[in-house]
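Working notes, beginning with the structure itself.
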Amino acid sequence: MTKINEFAWENLPRPILALAPMAGVTDSPFRQICREAGADVVYSEMISVTGLFHRSPKTSRLFKFTPREHPLIIQVFGAIPEHFAYAAKYLTEQVRPAGIDINFGCPVRDVINTGAGCYLMKNPALAKEVLSAVRENTSLPVSIKTRTQVGEMTVLDLLEAIKTIPLQALMVHGRSFSQKFSGAINIEMIKEAKKMFKGIVLANGNMNTPEQVGEVLSQTGCDGVGLARGILGKPYLFTQVKELLATGQYTKPLFSAVVQTILKQAQLMQKEKGDHGIIEMRKHLGWYVHDFPGAKNLRNQLYRCLTYKEMTEILLENSRRFG
Ligand SMILES: Cc1cc2nc3c(=O)[nH]c(=O)nc-3n(C[C@H](O)[C@H](O)[C@H](O)COP(=O)(O)O)c2cc1C
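When you line the sequence shown up against this note's numbering, it's residues 49 to 371, in that order.
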């Protein structure tokens, strides 16, 4: 296994399958589940550099991780270079993830109103300041995650504007700011970004099946992909993509195998957050059982569970019925 301080993007196997960052979803337990299911690298939820600068306890909680998640990329967002400088130094000295990623793609109003997320793409001068602040304060690999376009500014314009700053990886969400989270991804723009950027390029957006991942890889020529909503309730998508690429086919897991994954995640949640972890896991439960027979009834039963024990009893009972 790679040692924590020896991570290099270019040493990952190809194609690289990454768990893309998702606030409220890609916490430490879920990242562990995805690494076990075959993710080659996992991203944290986005973390505010300003929260970190002001030492918000909520922000510090998001840094917890275990060696089982390695390589973990911590994603940060913000718009104040001084806060980025502080965050880069702090992460490098105190947290030691495999790498630091900067969010250039979040379209949420509270984030863009501060000039962060997507709006950093519209402001190349600030983008350069932010990236220089991070680069000068860390020895870790630095990456960015962008959209294809924000207003007039494309990811290609951004790459041109920041080309003097050494970055190791780029994840392109193939949708524009105005598309938010729906619609087709722009294959051509991702392909151009791959040609232009010297480091690792990961395509992201609208990949929900192993076949779709295979198509995007061959159409864009990217080094890998970042999977987001396609993974919800289906961490085994990572395994299936690997199976498909190696053998031309893949298997669908039995309900009993999905139950084992749910229980494992629930155990990790309970360990990290106590019984509240089980309540926080409810959204995952809905995603996990979504495609199984009687999903609505099962989901309603699971949503009422308050403890790990109650959840286990319901799942094992259903597991006996479905196999
Ligand atoms: C619930 C949720 C939370 C997200 N949080 C983040 C985040 O913290 N940072 C980020 O860069 N993108 C975030 N995204 C965007 C995803 O990483 C991804 O770019 C987007 O969902 C497109 O991929 P998909 O079509 O496969 O879902 C989030 C998306 C969702 C659905």
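We treat Cβ as the ideally placed atom computed from N, Cα and C, and that holds for glycine.
Keep in mind the model is a prediction, meaning the values are calculated, not measured.
Spatially closest choice to residue i from the options, by CA coordinates
i           : options               : result
residue 309 : 105, 70 and 360       : 360
residue 157 : 148, 151 and 167      : 167
residue 250 : 256, 193 and 98       : 193
residue 79  : 289, 281, 241 and 163 : 281
residue 256 : 296, 56, 67 and 58    : 67
residue 181 : 90, 105 and 134       : 134
residue 227 : 335, 92 and 154       : 154
residue 191 : 216, 212 and 176      : 216
residue 119 : 127, 125, 108 and 58  : 58
residue 70  : 291, 237, 149 and 207 : 149
residue 328 : 317, 116, 184 and 113 : 317
residue 18  : 235, 296, 297 and 295 : The shown model of the chain, from 49 to 371, leaves out residue 18, and the question about it has no answer.
residue 83  : 285, 241 and 258      : 285
Cβ-Cβ separation, residue j to residue i (assumed contact under 8 Å), whole Å
i           : j           : result
residue 333 : residue 347 : 7 Å
residue 179 : residue 210 : 6 Å
residue 124 : residue 94  : 7 Å
residue 262 : residue 293 : 7 Å
residue 117 : residue 90  : 6 Å
residue 175 : residue 204 : At roughly 14 Å, the Cβ-Cβ gap does not stay under 8 Å, so residue 175 and residue 204 are not in contact.
residue 336 : residue 306 : 6 Å
residue 77  : residue 313 : 5 Å
residue 372 : residue 252 : The chain is shown from 49 up to 371; residue 372 falls before or after that span and cannot be answered.
residue 159 : residue 132 : Contact doesn't hold; Cβ gap of about 15 Å is too wide.
residue 145 : residue 128 : About 21 Å separates the two Cβ atoms, so there is no contact after all.
Buried versus exposed call for residue i [16 or more other C-beta atoms within 10 Å across all chains shown]
i           : result
residue 60  : buried
residue 50  : Interpretation of residue 50 is limited by its pLDDT of 42, a score under 50 that renders its predicted location unreliable; no figure is taken from the coordinates.
residue 221 : buried
residue 223 : buried
residue 353 : buried
residue 102 : exposed
residue 345 : exposed
residue 147 : buried
residue 269 : exposed
residue 300 : exposed
residue 106 : exposed
residue 165 : buried
residue 109 : exposed
residue 185 : buried
residue 99  : buried
residue 323 : exposed
residue 232 : exposed
residue 243 : exposed
residue 297 : exposed
residue 212 : exposed
Beta-bridge partners of residue i, as assigned by DSSP
i           : result
residue 37  : Residue 37 is absent from the model: the chain starts at 49 and stops at 371.
residue 290 : Bridge partners of residue 290: none, in fact.
residue 90  : 67 and 120
residue 95  : 124
Cutoff 8 Å: residue i Cβ touching any chain C Cβ
i           : result
residue 150 : No chain C is part of this structure, which consists of one protein chain only.
Near ligand 2: residue i beta-carbon under 7 Å from a heavy atom
i           : result
residue 157 : The model depicted lacks ligand 2 and carries ligand 1 instead.
Ordered list of beta strand (DSSP E) runs contained in the region 119–162, each at least 3 residues | Runs found: 120–125 and 147–152.
Please go through the region 161–230 and give each complete alpha helix (DSSP H) segment of 4 or more residues, from N-terminal end onward.
-> Taken in chain order, the whole alpha helix (DSSP H) runs of length 4 or more contained in the region 161–230 are 166–169, 172–183 and 203–209.
In chain order, which continuous runs of the alpha helix (DSSP H) of length 4 or greater are located wholly inside the region 328–359?
-> Counting only runs of 4 or more, we get 330–337 and 343–351.
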